[in-house]
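All residue numbers for the sequence shown refer to our numbering, where the first residue is 583 and numbers rise by one.
Think of the CB as a built atom: it goes at the ideal place given N, C-alpha and C, for glycine as much as any other residue.
Since we're looking at a predicted model, the values are computed, not measured.
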Amino acid sequence: MKAVVITSPGGPEVLQLKEVEEPQIKDDEVLIKVVATALNRADTLQRQGKYPPPKGESEYPGLECSGTIEAVGKNVSRWKIGDQVCALIGGGGYAEKVAVPVGQVLPVPHGVSLQDAASFPEVACTVWSTIFMMSRLSSGEIFLVHGGSSGIGTFAIQMAKYQGVKVFVTAGSEEKLAACKDLGADVCINYKTEDFVARVKEETGGKGVDVILDNIGGPYFQRNLDSLNFDGRLFIIGFMGGTLTEVNLSGLLARRLTVQAAGLRNRSTENKALIVSEVEKNVWPAIAAGKVKPIVYKHFPLGQAAEGHKLMESSNHIGKILLVV
Numbered sequence: 583m584k585a586v587v588i589t590s591p592g593g594p595e596v597l598q599l600k601e602v603e604e605p606q607i608k609d610d611e612v613l614i615k616v617v618a619t620a621l622n623r624a625d626t627l628q629r630q631g632k633y634p635p636p637k638g639e640s641e642y643p644g645l646e647c648s649g650t651i652e653a654v655g656k657n658v659s660r661w662k663i664g665d666q667v668c669a670l671i672g673g674g675g676y677a678e679k680v681a682v683p684v685g686q687v688l689p690v691p692h693g694v695s696l697q698d699a700a701s702f703p704e705v706a707c708t709v710w711s712t713i714f715m716m717s718r719l720s721s722g723e724i725f726l727v728h729g730g731s732s733g734i735g736t737f738a739i740q741m742a743k744y745q746g747v748k749v750f751v752t753a754g755s756e757e758k759l760a761a762c763k764d765l766g767a768d769v770c771i772n773y774k775t776e777d778f779v780a781r782v783k784e785e786t787g788g789k790g791v792d793v794i795l796d797n798i799g800g801p802y803f804q805r806n807l808d809s810l811n812f813d814g815r816l817f818i819i820g821f822m823g824g825t826l827t828e829v830n831l832s833g834l835l836a837r838r839l840t841v842q843a844a845g846l847r848n849r850s851t852e853n854k855a856l857i858v859s860e861v862e863k864n865v866w867p868a869i870a871a872g873k874v875k876p877i878v879y880k881h882f883p884l885g886q887a888a889e890g891h892k893l894m895e896s897s898n899h900i901g902k903i904l905l906v907v
């Protein structure tokens, strides 16, 4: 089969389409013939040599895919050859075929094309496991997501609105803020021209928001804490701005704040299976009802993975970028 290989750590040009061996499936896995895979920031970090795949996972990039089941392991009962599915994977999505543990496979959501279904597994599992399963975001609360126009952001806005939550976003251009507003965001803040802490306080009568989903890290840490209401929860899923900061801890105590952080890729197969089953139960009905839609900015052929990475690193996109096999 063909797969995108990282020839050496570096820029997008190190991504090369090559002939490689097909994956072999275990008894509790399925083999998916890939139709599409979606790009994630983690892929760009892996390409740079900063985020190696977990032990036992494919060395090729790609953390989600959609396609058709081509083979099933002997312990697999739910799926059969020919089923159309999408999946959360630990690696290997940038390829014509990928082996996936059965607990990480999902049916294509009702009303979504097989190709666009590749845009959902990573964002749905990330958002549901963090702000809903762990931070317990619930109806009537106020939620702030940084980078509202990203793949994570565009999904989080729609899912939070579906749950009856008021949504604040930050983004870096009027075009991106308009896209967030179209998806249902209530308060849209241009972080390049406004202080988001001041705006949050203004919009909430000085109280702050209940839950924040952050991928910036260090530079936003204190400002995030300053933006939280009593019993507020900050969830960190990335460090695009860096990992180091100085913080005044007094607000944590005074306002009973919670700080959490988690990634998805390094979780155990059992933990991923639990998240995937919760996503199917709670998120898939929202997609079937048309309340959460795939937001796909651009499709590239698999052989143009480097172009996809350039676009992602430019941050000029809104929503997801797909590679089509």
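Between the beta-carbon of A653 and that of M583 there is about 13 Å, and that puts the pair past the 8 Å contact cut.
Going by DSSP, I663 is part of no alpha helix (DSSP H) at all; its letter is neither H nor E. In the structure shown, the three-state DSSP call for S717 is coil. DSSP places A585 outside any alpha helix (DSSP H); the residue lies instead in the beta strand (DSSP E), whose first and last residues are K584 to I588. Excluding its 5 nearest sequence neighbours in each direction, V907 has C-beta neighbours in its own chain below 7 Å: V616, V617, A618, E678 and L884, listed in chain order. When V687, G833 and G754 are compared, the shortest CA-CA separation from S896 is found for G754. T851 places its beta carbon less than 8 Å from that of P683.
Distance check between Q740 and each of P591, V791, L597 and W866 places W866 closest, using alpha-carbon atoms only. V705 is not a Cβ neighbour of E723, given a cutoff of 8 Å. For the pair of segments examined, the segment 853–862 was found not to touch the segment 872–881: the number of CB pairs separated by less than 8 Å stays below three. Under DSSP, I671 takes part in no beta bridge, so it has no partner. Cβ contact annotation for K763 (same chain, cutoff 7 Å, sequence separation greater than five): C770, in chain order.
Excluding the 5 residues flanking it on each side, E595 has same chain C-beta neighbours closer than 8 Å at A888, in chain order. When DSSP reads this structure, S648 sits in a beta bridge with A618 and C668.
In its chain, beyond the 5 residues on either side, V769 have a beta carbon closer than 6 Å to the beta carbon of E785. F750 has L726 and V769 as its beta-bridge partners, per DSSP. Excluding the 5 residues flanking it on each side, S648 has same chain C-beta neighbours closer than 6 Å at V617, A618, C668, L696, A699 and A700, in chain order. Annotation: G788 to L621 spans about 38 Å, alpha carbon to alpha carbon.
For the pair of segments examined, the segment 654–667 was found not to touch the segment 709–724: the number of CB pairs separated by less than 8 Å stays below three.
Going by DSSP, K679 is part of the beta strand (DSSP E) stretching over K679 to P683. Secondary structure of R838 (DSSP, three-state): coil. For E895, the enclosing alpha helix (DSSP H) begins and ends at A887 to S896. If you look at K758, you'll find it isn't in any beta strand (DSSP E); it sits in the alpha helix (DSSP H) that goes E756 to D764. Its chain contains G790, V791, I794, L816, R837 and L839 as the residues whose beta carbon lies nearer than 7 Å to that of L810, once the 5 sequence neighbours on both sides are disregarded; these appear in chain order. In the DSSP annotation of this structure, the continuous segment of the alpha helix (DSSP H) that includes G733 starts and ends at G733 to Y744. DSSP places I857 in the helix class (H, G or I) of the three-state scheme. Shown here, L884 sits in a helix according to DSSP, grouped into three states. Residue pairing by DSSP places F817 opposite L795 and Q842 in a beta bridge.
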